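What follows is a set of notes on a single structure, which appears directly below.
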Amino acid sequence: MRLLPTFAIATSILLVLFSLYTAAFGVLPDVMQRGIHLSLAMILVFTHAASNAQENGNRLSIFMLLGLAILGLCAASYQAVFYDVVVSRYGEMTNPEIVIAAIAVIVLLDATRRTIGWAMVVLALVFLAYAFWGNLLWGDIAHRGYDLKRVLAQVFLGADGIFGTPLGVSATFVVLIVILGALLEGTGASAVLMDIAVAMTGRSRGGPAKAAVVGSSLMGMISGTAVANVLTTGTISIPLMKRSGYKAHVAGAIEAVASTGGQLMPPIMGAAAFLMADIIETPYTEIARAAIIPAALYYIAVFTAVHLEAVKSGLKPMDVSDLPSVRKSLIDRGHVLLAIPSFVSFLMVGYSVMFSSLWAIYVLVALSCLRRPTWLTPKKLLAVCVATGEAILPVALATATAGIIIAVVTLTGIGLKFSSLIVTLSGGSLFLALVLTMASSLILGMGLPTAAAYILVATLAAPALVNLGVDLLAAHMFVFYSAMLSAITPPVALAAFAAAAISGENPMRIAVVSVKFGIVAFVIPYFFVMDTRLLGIGDLSTLIMPVCTAALGAIALASAAQGWFAGALGWIQRSVLCAGSMLLIVPGMISNIAGLAALAGVYAFQRFYKPTNARNSSI
72 MRLLPTFAIA
82 TSILLVLFSL
92 YTAAFGVLPD
102 VMQRGIHLSL
112 AMILVFTHAA
122 SNAQENGNRL
132 SIFMLLGLAI
142 LGLCAASYQA
152 VFYDVVVSRY
162 GEMTNPEIVI
172 AAIAVIVLLD
182 ATRRTIGWAM
192 VVLALVFLAY
202 AFWGNLLWGD
212 IAHRGYDLKR
222 VLAQVFLGAD
232 GIFGTPLGVS
242 ATFVVLIVIL
252 GALLEGTGAS
262 AVLMDIAVAM
272 TGRSRGGPAK
282 AAVVGSSLMG
292 MISGTAVANV
302 LTTGTISIPL
312 MKRSGYKAHV
322 AGAIEAVAST
332 GGQLMPPIMG
342 AAAFLMADII
352 ETPYTEIARA
362 AIIPAALYYI
372 AVFTAVHLEA
382 VKSGLKPMDV
392 SDLPSVRKSL
402 IDRGHVLLAI
412 PSFVSFLMVG
422 YSVMFSSLWA
432 IYVLVALSCL
442 RRPTWLTPKK
452 LLAVCVATGE
462 AILPVALATA
472 TAGIIIAVVT
482 LTGIGLKFSS
492 LIVTLSGGSL
502 FLALVLTMAS
512 SLILGMGLPT
522 AAAYILVATL
532 AAPALVNLGV
542 DLLAAHMFVF
552 YSAMLSAITP
562 PVALAAFAAA
572 AISGENPMRI
582 AVVSVKFGIV
592 AFVIPYFFVM
602 DTRLLGIGDL
612 STLIMPVCTA
622 ALGAIALASA
632 AQGWFAGALG
642 WIQRSVLCAG
652 SMLLIVPGMI
662 SNIAGLAALA
672 GVYAFQRFYK
682 PTNARNSSI
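Remember, this note's numbering sits 71 above the position in the sequence shown when you count from 1.
This is the structure we're talking about:
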């Protein structure tokens, strides 16, 4: 019986058609648009679960899951169906709506658990418990207490809570970007990008690993999430790296750290970037422009680390016969890549992200008709709809569940208290406040998609940075960057777990090595907060020097982490190189000159004192 899988496919098609229709002919009122989007997502979650139960022959579970799907549909679409009635009461909740709201919260949390795990669910439950019983706590974190009706009204009714701005971004901007990415994948654009990456890097040492770095940075524009990026490019790059001599855990770590940075890569970044644009009310083009230099520094550092790993291990370039033909790939499928610059062009002339995405989709569909290999056959279109449904589920459910947390934060004022706590603990020190904020991002982001982690920390901690005088864009970019890095940070590193499934290695080992390869990424955010020129803020003439010195600093820090510069590094040389890298990234002529002197000293020492260097290499 194939009824359930067929129903899931039909729901995915409906989700895609609804999103395209509203983008083309006008978005519905907030609660209606978001309610229908969430309803379709809930149906998909429980239908997939019921299909799995059907394969296992568990009939009781099938009926239970279908019941949850119906409850989720009814609860999530309630305000869309009775929109006029609910709006006319100005947020006043009736007794039947208390039951409906409770069902909506329970079913949503169960759907979230099935999609992205327990981390987000536990956080939501903690915040709900705080809303109900926070009056029993002590000191500044206590509040006056709220009953069930007041909490559920805040969480469920109106265009806040579950149906708030985060879910709105998923239901409008992000879903269209996901459709565009699925179409690019379906037309073979990802294969072209990977062929280009392999051809560019294959003739150098550690070519497959460098291809993973280049390919993942490009593929980030299509997938938008670290896990999806790993599962897309990793199936090609990780086996290639293993065959070329990289150890399995190293191959997995390189793919994990390279894929994580894809969310930072303009022009089409991860879902969190669209959320940021909405939260700080800044055009997406400015967000993308601010991300260019941090993304470049990220990949310069990762590329350097990968190259030095290849040099240390004595790896050879790929055989020429194994390199793909870029010319053939471009002739066969390269034309579909023009959809990406078309998206950017629409953004640059001032159109919204939704409009630009929609027209990029139109352009891509038209381009796909030019060559047989890129034709969007009915089978491919079905695959695009299914891929869209699978890719949007984590974002839709994470943003809806994050809405519960934001509702509690708004109701209780805990956000202001959390920000005040950071300022108090830091003693007014910006550096300590940044450390605490990054720690919050990494802890709250464990097991969460970047979008969900960003929403939480942007709500709780970003205001503290702004209160300490940090530029609004820089503060939120810091939070975004930190939330992104939670994908490779132990103990729960989603990108590392995805890479482990492909490489066959221990995910914790991969996560630890990923941090080593991406160590520079944990440092860069501190410096663009101190020097906003690293976010592209300022005239071009004023950006050249800080960008060049920061790039040198990123290379030097990656070298120190890998223990290799012009040769093997002893601990004293590594310490000097590390200090020099920091001085190069710190703004200021004197610090930059001192950093260059440190690099030159280490290089000269390694070049001209080989016996000493040889002894140090054994340290």
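All C-beta atoms, glycine included, are put in the ideal place defined by N, C-alpha and C. Keep in mind the model is a prediction, meaning the values are calculated, not measured.
- For His119, the enclosing alpha helix (DSSP H) covers residues Asp101 to Glu126.
- Taking a 10 Å sphere around the C-beta of Phe153, we find fewer than 16 other C-beta atoms and assign the residue as exposed.
- Taking a contact as a CB-CB distance under 8 Å, the pair Ala260 and Arg443 does not count as one, their CB atoms being some 16 Å apart.
- Counting other Cβ atoms within 10 Å of its Cβ, Tyr92 stays below 16 and is therefore classed as exposed.
- Residue pairing by DSSP places Ala639 opposite Trp635 in a beta bridge.
- Collapsing the DSSP output to three states places Val594 in coil.
- For Asp181, the enclosing alpha helix (DSSP H) starts and ends at Asn166 to Ile187.
- Ranked by Cα distance from Ala146, the options Ile233, Ile573 and Ser90 are led by Ile233.
- Collapsing the DSSP output to three states places Val321 in a helix.
- Just so you know, the alpha carbons of Ser662 and Phe598 end up roughly 13 Å apart.
- Here Ala554 has Ala343, Ser512, Gly516, Thr521, Ala524, Tyr525 and Val528 as same chain residues with Cβ atoms under 7 Å from its own Cβ, once five neighbours each way along the sequence are excluded.
- Within the same chain, Cβ atoms closer than 6 Å to the Cβ of Leu289 are found at Leu264, the five residues on either side in sequence being excluded.
- Of the other Cβ atoms in all chains shown, fewer than 16 fall within 10 Å of the Cβ of Leu74; this residue is therefore exposed.
- Straight through space, the alpha carbons of Leu418 and Ser427 are spaced by roughly 6 Å.
- DSSP, reduced to helix, strand and coil, places Tyr149 within a helical segment of the structure shown.
- Taking C-beta separations shorter than 7 Å and ignoring five residues to either side along the sequence, the partners of Ala558 in its chain run Ala297, Thr331, Thr521, Ala564, Leu565 and Ala566, following chain order.
- Non-local beta-carbon contacts of Gly498 in its own chain, meaning distances under 8 Å to residues more than five positions away in sequence, are absent.
- The continuous stretches of alpha helix (DSSP H) do not include Pro395, and DSSP gives it neither H nor E.
- Secondary structure within the region 266–321: the alpha helix (DSSP H) runs of 4 or more consecutive residues, fully enclosed, are 278–294 and 297–315 (chain order).
- Per DSSP, the continuous alpha helix (DSSP H) segment holding Thr521 begins and ends at Thr521 to Leu531.
- Under the DSSP assignment, Met425 falls in the alpha helix (DSSP H) whose first and last residues are Val424 to Ser439.
- Its chain contains His406 as the residues whose beta carbon lies nearer than 7 Å to that of Leu441, once the 5 sequence neighbours on both sides are disregarded; these appear in chain order.
- The C-beta distance from Phe203 to Val222 rounds to 6 Å, short enough to fall under 8 Å.
- When C-beta atoms of the region 609–616 are compared with those of the region 350–357, fewer than three pairs fall below 8 Å, so the two segments do not count as touching.
- Within the same chain, and ignoring the five residues on either side of Thr620 in sequence, the residues whose Cβ sits closer than 6 Å to its Cβ are Leu655 and Asn663.
- For the set Phe78, Thr82 and Thr77, the Cα lying nearest the Cα of Thr459 is the one of Thr82.
- With contacts defined by Cβ atoms closer than 7 Å, Ile573 and Gly305 form a contacting pair.
- Arg580 has its alpha-carbon roughly 17 Å from the corresponding atom of Val377.
- Between Ile476 and Ala535, the C-beta spacing is not below 7 Å.
- Around Ile169, the same chain offers Leu219, Lys220 and Leu223 as residues with beta carbons nearer than 8 Å, after the five sequence neighbours per side are excluded.
- For Ile411, the three-state secondary structure derived from DSSP is helix.
- Secondary structure at Val192: helix, using DSSP grouped into helix, strand and coil.
- Counting other Cβ atoms within 10 Å of its Cβ, Thr183 reaches 16 or more and is therefore classed as buried.
- Under the three-state reduction of DSSP, Met517 is assigned to coil, being neither helix nor strand.
- DSSP places Thr356 in the helix class (H, G or I) of the three-state scheme.
- The beta carbon of Asn127 sits closer than 7 Å to no other beta carbon from its chain once the five residues preceding and following it are set aside.
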